[in-house]
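**Student:** Please read through the structure below; I'll follow up with questions.
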Amino acid sequence: MPTTDPLCDPSPLPLALPPARRSLPGQPVPPPLPMSRAEMEERGWDSIDVLLVTGDAYVDHPSFANGLIGRLLEAAGLRVAVLAQPDWSSCEPWREFGRPRLFFGISAGNMDSMINHYTANRKVRNDDAYSPDGRIGSRPDRATLAYCQRSREAFPGVPVVAGGVEASLRRLAHYDYWSDTVRRSILLDSKADLVVFGMGERTVLDIARRLGAGETVRDLRDLRGVAYRLGASEAPPSAADTLELPTFEAVAADPIAFCTMTRISHLETNPHNARRLVQRYGRESIVVNPPALPLEQGEMDRVYGLPFTRLPHPSYGSARIPAFEVVQHSVQIMRGCFGGCTFCSITAHEGRIIQSRSQESVLSEIRLLAEQPGFKGTVSDIGGPTANMYQMRCTRPEVEAKCRRLSCVHPTVCKLLGTDHGPLRSLMREARDVPGVKRVLVASGVRMDLARRDPAYLEELAAHHVGGHLKVAPEHVNAEVLDLMKKPGADDFVKFDEAFREASRRVGKKQYTVPYFIASHPGSDIAEMIELAVFLKQNGYKPDQVQDFIPSPFDIAACMYYTGLDPMTGKPVKVAKGMRNRRTQRALLQFFKAENWFEVKQALEEAGRRDLIGSGCDCLIPAAPPHEALERRRRDANRAFDEQTSGDHIRGGPAAGKREQRSRGSVGYRPRRPGERRPGPSGGDNRRGNRPGPAPS
């Protein structure tokens, strides 16, 4: 056992990476990790130490988790192979590489597999951005479960370590939107030995080091950033730094208990003061250790300085991987987000403390980009989860170590938060001067309340880093909805938009903001969406890309959706659950589209807002239906008739739209089928209809 308990050690251990492995301009890059037995044998290997199983295509790029973790373990001297998007119908693909000496590393991919597969209306998506040529069906639903089970079957006794966003955000009991149930911790359903949650570089290296030294997977339960299962005969920890959450049976039956679990689990996310969490499931328990400590700047440099080919694996040939094309010529300069938006998983997964790379590390990567074949001089993005939080930290580390605030910028920007954009402006100027680089764009979303504090940053942005349109995310305009989202008020967007347009005019450019909005977020009903539609009309916005709210596991907004309560205050929250309400909210957000005329008209009439129908300059829609609206109504009626007469219409759940799905073939396990029996209290699911709570709208 280690002499130091990582849970008690306030100082992080440095990543044990040899600096000589850093990727520098002019240096040859090692080939990508092997994806087949033949590639493994070409390296002279007769066995491997770690097999990484992923639901994404294997791309050797730091923006892809399988590529980054694989190179990290390789740099530590381990033999690592990648099993990308395997056929999960048998365990034979798992056996191709032989028995891993240390562990299986399981990830559903960069996205939760259910969000990857289904739209907000529970319809099968048309494509998968993380698969070759965007093909669907390359991973199962709830991919972590399938991959863990096949790993166990292939080589019993080899430790199974699950990670990635799917496992990370399902480490405790959670609401599952696609089956409308409360599900158990993914540890119980997957039978994984450990779940590594959050950004797990240090944790994964510690696991590999200690297993390699002869320790068992049970010995690793003292690591930060891991969750594990205790059997019926094992007593949960009872130390003073341990909190017990409401049991699974309680949260599955009682909205108040679910809110309590959500509130506690989010308040215990600061790695400097978080306590160990325990949740009981009948006679078993799940233990969640405090999060891993954030990486220091030097450690970030070492991780992103690893040698990457920055290309998909050669086995994909000419196939396109859409997600790779988006980030191929981008550079991530930081990770984490202190915004704390309740509908977003970034803060929960990457952490609230910003972890930034040094300027030289970023510039070194841009120099590498400039040498890449096919690079045409444009860095497509220099940013991260947010474009302008680079090098921003709390100015009082001793206060940060005690702070339990979920957002550093809501309801107001914390007075202790360092918001200086100077380091970012300096980095942007240096990046523009790299030989071979013509333009450096900012495609990540800009945090408007921070940008307005630094007019010089806005000037720099408008003059050099915007290609005509700048992405921002006001999300809504209603004050109550924005408060539930933990977003700044609507006037913040208005003032930023004016400032950005003025800065663009001063440099002789005609540039605009592209605002993103969410429909059907908790707190938003028809009246609130009409308010947003009127705002868009008055300001001349016609958003083409809109987002329907999806309740993601672990998010505070998902708790609001499921319980109808704000877990932080206990106050009731309006929730749009019926598909008609959700479709109407989206139609109001795009009131200017002729095909939405009937839905918008009905919503306005039911809300008593006929004043917004007509030819006036403030009206949302004309009095008479456009030709496109009539055509859409005719198509919808014909489609409904065809579904009724063909018998292919499947009601409810992700299987809706089954006819379209059948034509494509299976896309994986279905989370729920009509007529499926419901497990009892100790099972994985508990139907929402068996407990009190707000009725669907």
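Position 52 of the sequence shown, counted from 1, bears residue number 57 in our numbering, the numbering being contiguous throughout.
We put the beta carbon where it would ideally sit given N, CA and C, even for glycine.
(1) Nearest to Pro520 by CA position, among Lys500, Tyr546, Lys128 and Val256, is which residue?
(2) Give the single residue among Val439, Arg434 and Leu422 whose Cα lies nearest to the Cα of Ile714.
(3) Taking the C-alpha atoms as reference points, what is the distance between Arg434 and Ile338?
(4) Can you say whether Gly441 is buried or exposed, counting buried as having 16 or more other CB atoms within 10 angstroms of its CB?
(5) Helix, strand or coil: how does DSSP classify His318 here?
(6) Is there contact between the region 184-200 and the region 162-173, where contact requires at least three CB pairs shorter than 8 Å?
(7) Please list, in chain order, all residues of the same chain as Arg288 whose beta carbon is under 7 Å from its beta carbon, the five residues on each side excluded.
(8) So, helix, strand or coil for Met565, using DSSP?
(9) Should Val404 be labelled buried (16 or more other beta-carbon atoms within 10 Å of its own) or exposed?
(10) Could you check if Arg226 belongs to the surroundings of the ligand COA, using beta carbon to heavy atom distance under 7 Å?
(11) In chain order, what residues of the same chain lie with their CB nearer than 8 Å to the CB of Glu611, ignoring the 5 residues before and after it?
(12) Taking 8 Å as the cut-off, does the region 353-360 touch the region 460-480 (at least 3 CB pairs, one atom from each stretch)?
(13) Mapping DSSP to helix, strand and coil, what is Lys542?
(14) Cys622: buried (16+ other C-beta within 10 angstroms of its C-beta) or exposed?
(15) Enumerate in chain order the residues of its own chain whose CB-to-CB distance from Trp50 is below 7 Å, with the five nearest sequence positions on each side excluded.
(16) Just how far apart, CA to CA, sit Pro460 and Phe498?
(17) Answer yes if the region 111-118 comes into contact with the region 57-66, meaning at least three C-beta pairs across the two stretches below 8 Å, and no otherwise.
(18) Let me check understanding here. Comparing Cα to Cα, which of Ser68, Val445 and Tyr180 lies closest to Tyr309?
(19) Given that a residue counts as buried once 16 or more other Cβ atoms are within 10 Å of its Cβ, and exposed if not, what is His66?
(20) Alpha carbon to alpha carbon, how far is Cys153 from His277? Give it in angstroms, no decimals.
(21) Do you know offhand how far Arg587's Cα is from Arg640's?
(22) Which same chain residues, not among the five before or five after Glu681, have their C-beta less than 8 Å away from its C-beta?
(23) Looking only at C-alpha atoms, which of Lys606, Gln607 and Pro558 sits nearest to Val263?
(24) Run the CB neighbour count on Val551, radius 10 Å, all protein chains shown included, and call it buried at 16 or more, exposed below.
(25) Would you call the region 173-183 in contact with the region 217-228, where contact means no fewer than 3 C-beta pairs closer than 8 Å?
(26) Say whether the region 268-284 touches the region 407-414, bearing in mind that this needs 3 or more beta-carbon pairs closer than 8 Å, one atom from each stretch.
(27) Around the C-beta of Pro4, are 16 or more other C-beta atoms found within 10 angstroms, so that it is buried, or is it exposed?
(28) Can you tell me which of the three DSSP states His354 falls into?
(29) Going by C-alpha to C-alpha distance, which of Leu282, Gly205 and Val283 sits closest to Leu78?
(30) Cα separation between Arg157 and Cys96?
(31) Can you give me the C-alpha to C-alpha distance between Ala258 and Pro327, rounded to a whole angstrom?
(32) For a cutoff of 8 Å on Cβ pairs, would you count Leu373 as touching chain C?
(33) Can you list, in chain order, the stretches of the beta strand (DSSP E) that have 3 or more residues and sit fully within the region 477-545?
(34) For Met584, I'd like the list of residues in its chain whose CB is within less than 8 Å of its CB, leaving aside the five on either flank, ordered along the chain.
(35) Here's the rule I'm using: 16 or more other beta-carbon atoms within 10 Å means buried, otherwise exposed. How should Arg510 be labelled?
(36) Suppose only complete runs of 3+ residues qualify. What are the beta strand (DSSP E) ranges in the region 54-121, listed by chain order?
**Tutor:** Concretely, from the data shown:
(1) To locate residue 520, count along the sequence shown from 1; it is residue 515. When each option's Cα is compared against that of Pro520, the closest is Tyr546.
(2) The question about residue 714 has no answer, for the chain in this structure spans 6 to 702.
(3) The count along the sequence shown starts at 1 and reaches residue 434 at position 429. The count along the sequence shown starts at 1 and reaches residue 338 at position 333. Straight-line Cα distance between these residues: approximately 14 Å.
(4) Numbered from 1 along the sequence shown, position 436 holds the residue referred to as residue 441. Exposed: under 16 other Cβ atoms inside 10 Å.
(5) Position 313 of the sequence shown holds residue 318. Coil, per DSSP.
(6) yes
(7) Residue 288 sits at position 283 when you count from the first residue of the sequence shown. Closer than 7 Å at the Cβ level, and outside the excluded window around Arg288, lie Ala237.
(8) Your numbering for residue 565 matches position 560 in the sequence shown. Helix, per DSSP.
(9) Against the sequence shown, residue 404 aligns to sequence position 399. Flag for Val404 reads exposed.
(10) The ligand COA is absent from the structure shown, which contains no ligand whatsoever.
(11) Start at 1 with the first residue of the sequence shown, and residue 611 comes out as number 606. The residues are Ile531.
(12) Result no; under three Cβ-Cβ pairs closer than 8 Å.
(13) In the sequence shown, residue 542 corresponds to position 537, counting from 1. Helix, per DSSP.
(14) Along the sequence shown, read from residue 1 onward, the residue named residue 622 stands at position 617. Taking a 10 Å sphere around the C-beta of Cys622, we find fewer than 16 other C-beta atoms and assign the residue as exposed.
(15) Along the sequence shown, read from residue 1 onward, the residue named residue 50 stands at position 45. These residues qualify, in order along the chain: Arg84.
(16) Position 455 of the sequence shown, counting from 1, holds the residue named residue 460. Position 493 of the sequence shown, counting from 1, holds the residue named residue 498. Their Cα atoms are separated by approximately 15 Å.
(17) yes
(18) Position 304 of the sequence shown, counted from the first residue, corresponds to residue 309. Tyr309 has its Cα closest to that of Ser68, out of Ser68, Val445 and Tyr180.
(19) As a working mapping, residue 66 is identified with position 61 in the sequence shown. The residue in question, His66, is buried, as its Cβ has 16 or more Cβ neighbours within 10 Å.
(20) To locate residue 277, count along the sequence shown from 1; it is residue 272. To locate residue 153, count along the sequence shown from 1; it is residue 148. Taking the Cα positions, His277 is about 31 Å away from Cys153.
(21) The count along the sequence shown starts at 1 and reaches residue 587 at position 582. The count along the sequence shown starts at 1 and reaches residue 640 at position 635. A straight-line Cα-Cα distance of about 20 Å links Arg587 and Arg640.
(22) Walking along the sequence shown from the start, residue 681 turns up at place 676. In this prediction, Glu681 has a pLDDT of 43, which is less than 50 and means its spatial position is unreliable; what the coordinates show is noted afterwards. No residues qualify anywhere along the chain.
(23) Here residue 263 refers to the residue found at position 258 when the sequence shown is read from its first residue. Looking at the sequence shown, residue 263 is not Val but Phe. It is Pro558 whose Cα lies nearest to the Cα of Phe263.
(24) Sequence index remark: in the sequence shown, residue 551 carries index 546 (1-based). Per the 10 Å Cβ criterion, exposed.
(25) Contact between the region 173-183 and the region 217-228 is not established, with fewer than three Cβ pairs separated by less than 8 Å.
(26) yes
(27) Residue 4 is absent from the structure shown; the chain starts at 6 and stops at 702.
(28) Translated into the one-based positions of the sequence shown, residue 354 becomes position 349. If DSSP states are grouped into helix, strand and coil, His354 belongs with the helices.
(29) In the sequence shown, residue 78 corresponds to position 73, counting from 1. With distances taken between Cα atoms, Leu78 lies closest to Gly205.
(30) Residue 157 sits at position 152 when you count from the first residue of the sequence shown. Residue 96 sits at position 91 when you count from the first residue of the sequence shown. Approximately 9 Å between the Cα atoms of the pair.
(31) Position 253 of the sequence shown, counting from 1, holds the residue named residue 258. Position 322 of the sequence shown, counting from 1, holds the residue named residue 327. If I take the Cα positions, the gap works out to 41 Å.
(32) Looking at the structure shown, chain C is missing, and only one protein chain is on hand.
(33) 517-524
(34) Numbered from its first residue, the sequence shown carries residue 584 at position 579. The answer, listed in chain order, is Asn126.
(35) Taking the first residue of the sequence shown as 1, we reach residue 510 at position 505. So Arg510 counts as exposed.
(36) 55-59, 85-89 and 108-112
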